[in-house]
Structures are given as C-alpha cells and as structure tokens.
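Residues in the sequence shown are numbered consecutively from 1, following full-length UniProt numbering.
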Amino acid sequence: MLQDLMGDRRPEADHPVELPDATTPARPIYHRQRVRTPGARRHHAIVSARVYGSPEFRIGDRAVGPGHPCYVIAEAGSNHNRDLDTALRLIDVAAEAGADAVKFQTYTAEGLYSRQTPEMSYLKDKGLVGERESVWELIKRVEIPWEWHADLARHAASAGITFLSTPFEEAAIDLLEDLGVPAYKIASYEVNHLPLIQYAARTGKPLLISTGMASLGDIERALDTAAAAGARDLLLMHCAVNYPPRFEDLNLLAIKTLRSAFDIPVGWSDHTMGNTADVVAVALGACAIEKHYTLSRDQEGPDHPFALEPDELAAMVVAIRETEASLGSSVKRVTEAEAEMFRLGRRSLVAARDLLAGGVITPADIAVKRPGFGIPVDALDQVVGRHVAHDVVRDQVLQWDDLER
Numbered sequence: 001m002l003q004d005l006m007g008d009r010r011p012e013a014d015h016p017v018e019l020p021d022a023t024t025p026a027r028p029i030y031h032r033q034r035v036r037t038p039g040a041r042r043h044h045a046i047v048s049a050r051v052y053g054s055p056e057f058r059i060g061d062r063a064v065g066p067g068h069p070c071y072v073i074a075e076a077g078s079n080h081n082r083d084l085d086t087a088l089r090l091i092d093v094a095a096e097a098g099a100d101a102v103k104f105q106t107y108t109a110e111g112l113y114s115r116q117t118p119e120m121s122y123l124k125d126k127g128l129v130g131e132r133e134s135v136w137e138l139i140k141r142v143e144i145p146w147e148w149h150a151d152l153a154r155h156a157a158s159a160g161i162t163f164l165s166t167p168f169e170e171a172a173i174d175l176l177e178d179l180g181v182p183a184y185k186i187a188s189y190e191v192n193h194l195p196l197i198q199y200a201a202r203t204g205k206p207l208l209i210s211t212g213m214a215s216l217g218d219i220e221r222a223l224d225t226a227a228a229a230g231a232r233d234l235l236l237m238h239c240a241v242n243y244p245p246r247f248e249d250l251n252l253l254a255i256k257t258l259r260s261a262f263d264i265p266v267g268w269s270d271h272t273m274g275n276t277a278d279v280v281a282v283a284l285g286a287c288a289i290e291k292h293y294t295l296s297r298d299q300e301g302p303d304h305p306f307a308l309e310p311d312e313l314a315a316m317v318v319a320i321r322e323t324e325a326s327l328g329s330s331v332k333r334v335t336e337a338e339a340e341m342f343r344l345g346r347r348s349l350v351a352a353r354d355l356l357a358g359g360v361i362t363p364a365d366i367a368v369k370r371p372g373f374g375i376p377v378d379a380l381d382q383v384v385g386r387h388v389a390h391d392v393v394r395d396q397v398l399q400w401d402d403l404e405r
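Right, dumping it as structure tokens:
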C-alpha cells in the first residue's frame with residue numbers, strides 16, 4: 001500500500017475514500033484497489049490501479065507532459081507589493097524571460113488566516129512580523145485586490161503569456177473561471193483541503209497539485225478527490241516547503257517516486273536560490289517548473305528574499321531549455337555533429353614505409369595514426385598477410401583498394 005512507503009495512516013485499501021466535511025458525516029467517494037509490481041524494489045513497487053489522468057494534456061496552446069518542453073511557470077506570488085504597476089511589470093518580465101505562464105495568488109486574508117495566527121520564525125527572523133505587524137496584517141497587505149484580476153489577465157494576453165493564479169477559496173475559483181483561466185494550481189498547504197480540490201476539479205480544468213509537506217497517502221487522497229469530481233488532467237508538483245530550503249532537503253529523486261506511484265506528469269515547485277535544482281529536476285523528468293521571481297530582492301516582503309531577479313529568471317529558462325536539448329533520445333550513436341571529429345580524431349592504418357606492389361604486408365609495414373578515414377585499426381588482422389595492390393608511399397592512409405582481394 002502507498003502508506004507503506006512513508007508511514008501514512010490513511011484507511012486501508014478495502015475502505016472507501018472519504019471526503020471530510022465539517023457539518024455532515026463523511027461520505028464515501030468510491031472504492032479502489034492497488035497492485036504491487038512483482039519483483040520491483042519496495043520503494044518503487046507501489047503502482048495505483050486507478051488511472052488518474054492522461055500522460056499529457058494542454059494548458060492553453062501548450063502541451064504538458066513527458067516528451068514536451070518543460071512548462072515554465074513564473075511565480076509572481078505576492079511580489080507585486082499590492083501595486084498594480086508592479087504587478088503588470090512582473091507580467092512583462094515573465095514574458096520577456098520566455099516563461100510559459102505567469103502566476104499570482106488569489107485569496108483574502110480574512111478567508112485564509114485567523115487573526116490569532118501566531119508569529120512564525122521564518123517571517124519574524126526577516127523582520128516582517130512582530131510588534132509592527134501581525135501575520136494576518138502582513139497577508140492582508142500583500143493580497144491582490146480582486147478587481148485587479150481582469151487587468152492582469154488582459155495584460156498577460158497582450159504580452160503573449162498565459163495568466164494563472166492559485167486559488168485559496170471557492171470564491172477565488174469562481175472569479176478565475178469568469179476570466180477563463182486555463183488551469184488551477186493547488187498549493188502545498190491546501191493538499192488536504194479536499195473541498196477546495198473538489199471544487200476546482202469540477203471546472204474540468206487541469207489541476208497542478210503541489211505536494212510539499214505531503215505524504216504519499218495525502219497525495220493519493222487529493223488525487224482520489226480530484227478524479228472523483230471529474231478532473232482528467234492532473235500533474236503533481238514535488239516541493240520542499242522552506243524559504244529557501246537547503247539543497248539536502250530537496251529530495252529531487254522523489255520526482256521519480258511520484259511518477260512511478262501515480263503514473264501522471266510530475267513537476268517541481270522550487271524555492272531555492274539559483275537554477276541548479278531546476279536543471280536537475282528537468283533532467284529527472286520534471287514536466288513543469290514553478291519559480292518565484294521579483295523585480296528586486298532588495299524589496300520588503302515575504303517572498304522577495306529567495307526569488308530570482310529578471311535576468312536570473314531569463315537565465316533559468318535558458319538553462320532549462322539547454323538541459324532539455326542535452327538529454328537527447330537515450331540512443332547511443334554517432335551524431336552528425338560528431339562525424340567530422342570522428343574522421344579527424346579516430347586512427348587508421350597507415351603505411352609505415354614505402355610499400356611495393358605485390359609485397360606481403362607485415363606488422364612492421366603498418367603504423368596507427370590519425371585521421372580516421374582509412375582502414376580502421378580494429379581491422380589490422382585482416383590486413384597483415386595481404387598483398388599490396390599497387391605502390392604505396394610512406395604515411396599514406398590505407399584504403400581497402402590498396403590491397404589485393
């Protein structure tokens with residue numbers, strides 16, 4: 001069972017998956033079984049019998065999935081500083097960098113946080129909360145006014161980039177549906193918010209579900225809920241929820257685990273500095289990359305310190321595309337680009353001295369030198385003992401027609 005991998009306490013496979021509700025008894029969605037692949041290593045042996053969705057799908061005009069270019073999401077998040085001009089400029093920066101989508105976050109502080117939320121060390125250490133401002137007040141200060149969304153969506157369209165936003169409540173999904181947003185990202189913190197996942201899934205749009213802090217059982221429940229509500233296009237985003245995380249905490253090999261366990265596309269939602277983790281994730285098969293960016297890390301706010309600046313975002317996109325190009329097909333062969341170097345750098349059999357027509361070739365008559373467009377070195381045994389067809393001068397690269405048949 002999936003919980004065997006990470007010690008999750010979800011119900012056994014013969015129990016129905018249940019969607020919790022605060023006011024009514026949980027109701028079963030449906031039954032489902034799992035299969036274990038015979039002979040597979042334990043950590044990669046769990047394969048769900050449930051088909052959660054297609055191996056690829058489209059977000060707008062872009063195909064997403066294995067075999068397609070990595071879908072790059074530039075995460076503006078709260079780095080607009082509640083200034084519309086800054087938000088519009090962030091869209092331009094994402095488009096200029098070559099990202100496929102720009103993403104914001106749609107929520108209200110009132111709907112997201114209790115006013116009694118305690119101080120968090122991450123925010124307090126950066127001087128963002130404390131005597132001056134509570135967590136709730138900080139979140140209120142960086143929430144996007146909902147009336148901005150139409151302007152942001154229009155500006156993204158004019159800039160030639162897809163507009164996305166992470167919803168944190170059902171009303172946010174309603175707003176984004178009115179704007180024709182083509183997909184929804186479910187944040188790591190919301191992976192157990194099954195009613196929100198269900199509501200988003202009912203739109204029929206692709207869901208990108210982030211998995212920071214989640215066990216495989218948590219992820220399975222989220223996917224069950226989405227699939228039962230009608231979602232057909234699903235992608236999991238591996239994520240390490242720290243800001244920024246240490247490289248030793250990234251566990252990027254979990255990208256392969258998620259793909260093996262659920263057989264759907266997997267991406268990487270990144271909070272590290274630089275683009276090293278993104279390049280590695282793409283090499284491991286990530287189909288989507290999400291990365292925070294800012295106009296300047298010198299600005300004050302919760303997400304600025306670990307975000308990429310504009311030139312760094314553009315460099316990340318280039319690095320991702322170069323990584324994709326470098327992966328190739330997995331077929332080991334001589335490439336067209338190597339052909340000239342092959343002829344120049346490989347060695348051939350060369351006459352070690354002048355050879356007369358009719359003479360019998362001995363090992364002493366042969367030298368091994370570059371270039372490589374003559375008789376190959378590994379054919380030496382087929383050359384020694386043959387007769388010379390015509391006079392050959394010293395250092396001549398031997399060809400088969402220099403020998404009698």
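The C-beta atom is built at its ideal place from N, Cα and C for all residues, glycine as well. Since the structure is predicted, the reported quantities are computational estimates derived from the model, not experimental observations.
Would you check if the region 311–320 and the region 282–292 touch, i.e. whether three or more CB-CB distances between them fall below 8 Å?
yes
With distances taken Cα to Cα, identify the nearest neighbour of F104 among N81, E96, T117 and G111.
Position 104 of the sequence shown, counting from 1, holds the residue named residue 104. Minimum Cα distance to F104 is reached at N81.
With a threshold of 8 Å on Cβ separation, who are the neighbours of H387 within its own chain once the five nearest residues in sequence on each side are excluded?
Position 387 of the sequence shown, counted from the start, is the residue given in the question as residue 387. Excluding positions up to five away in sequence, the list reads G358, G359, V360, I361, L403 and E404.
The alpha helix (DSSP H) enclosing D395, as first and last residue numbers:
Residue numbering aside, residue 395 sits at position 395 when the sequence shown is read from its first letter. Neither: D395 is in no alpha helix (DSSP H) and is coded neither H nor E.
Nearest to P145 (by Cα), restricted to the options I173, T106, A231 and P66:
Residue mapping note: residue 145 aligns to position 145 of the sequence shown, counting from 1. Selected option, being the one with the closest Cα: T106.
So, with DSSP's three-state summary, where would you put H304?
On the sequence shown, residue 304 is found 304 positions in, with the first residue counted as 1. Three-state result, H304: coil.
Does D391 pass the burial test, meaning 16 or more other C-beta atoms within 10 Å, or should it be called exposed?
Within the sequence shown, residue 391 is the residue found at index 391, counting from 1. Exposed, since its Cβ has fewer than 16 Cβ neighbours within 10 Å.
In or out: G39 buried (at least 16 other Cβ within 10 Å) or exposed?
Taking the first residue of the sequence shown as position 1, residue 39 is located at position 39. A caution first: G39 carries a pLDDT of 37, below 50, which makes its placement in the model unreliable, though a value can still be read off. The residue is exposed, with fewer than 16 neighbouring Cβ atoms inside 10 Å.
Compare the C-beta of V350 with all C-beta atoms of chain C and state if any pair is closer than 8 Å.
Structure shown: chain C not included; a single protein chain is present.
Apply the 10 Å Cβ neighbour rule to V282 and answer buried if 16 or more other Cβ atoms are within range, or exposed otherwise.
Here the question's residue 282 lines up with position 282 in the sequence shown. Classification for V282: buried.
Inter-residue Cα distance where the pair is G67 and A156
Translated into the one-based positions of the sequence shown, residue 67 becomes position 67. Translated into the one-based positions of the sequence shown, residue 156 becomes position 156. Computed Cα separation, rounded: 26 Å.
If you follow the alpha helix (DSSP H) that Q382 is part of, which residue opens it and which one closes it?
Start at 1 with the first residue of the sequence shown, and residue 382 comes out as number 382. First-last of the alpha helix (DSSP H) with Q382: L380 to V383.
Write down the C-beta distance between V64 and E56 rounded to the nearest angstrom, noting that I regard them as a contact closer than 8 Å.
In the sequence shown, counting from the first residue as 1, residue 64 sits at position 64. In the sequence shown, counting from the first residue as 1, residue 56 sits at position 56. About 6 Å; that satisfies the 8 Å criterion.
Who are the near neighbours of T24 in its chain, counting only those whose CB is closer than 6 Å to its CB and skipping five residues on each side?
Against the sequence shown, residue 24 aligns to sequence position 24. In this predicted model, T24 has a pLDDT of only 35, less than 50, meaning its place in the structure is not dependable; the value taken from the coordinates is given anyway. Excluding residues within five positions, none has a Cβ falling inside 6 Å.
In chain order, which alpha helix (DSSP H) runs of at least 4 residues are fully inside the region 300–347?
310–327 and 336–345
Please report the distance separating the alpha-carbon of E340 from that of K332.
Taking the sequence shown and counting its residues from 1, the one referred to as residue 340 is at position 340. Taking the sequence shown and counting its residues from 1, the one referred to as residue 332 is at position 332. Approximately 17 Å, taken between the alpha carbons.
Between W400 and A351, what straight-line distance do the alpha-carbon atoms span, to the nearest angstrom?
Walking along the sequence shown from the start, residue 400 turns up at place 400. Walking along the sequence shown from the start, residue 351 turns up at place 351. C-alpha separation (whole angstroms): 13 Å.
Inside the region 204–269 only - beta strand (DSSP E) runs reaching at least 3 residues
207–210 and 234–239
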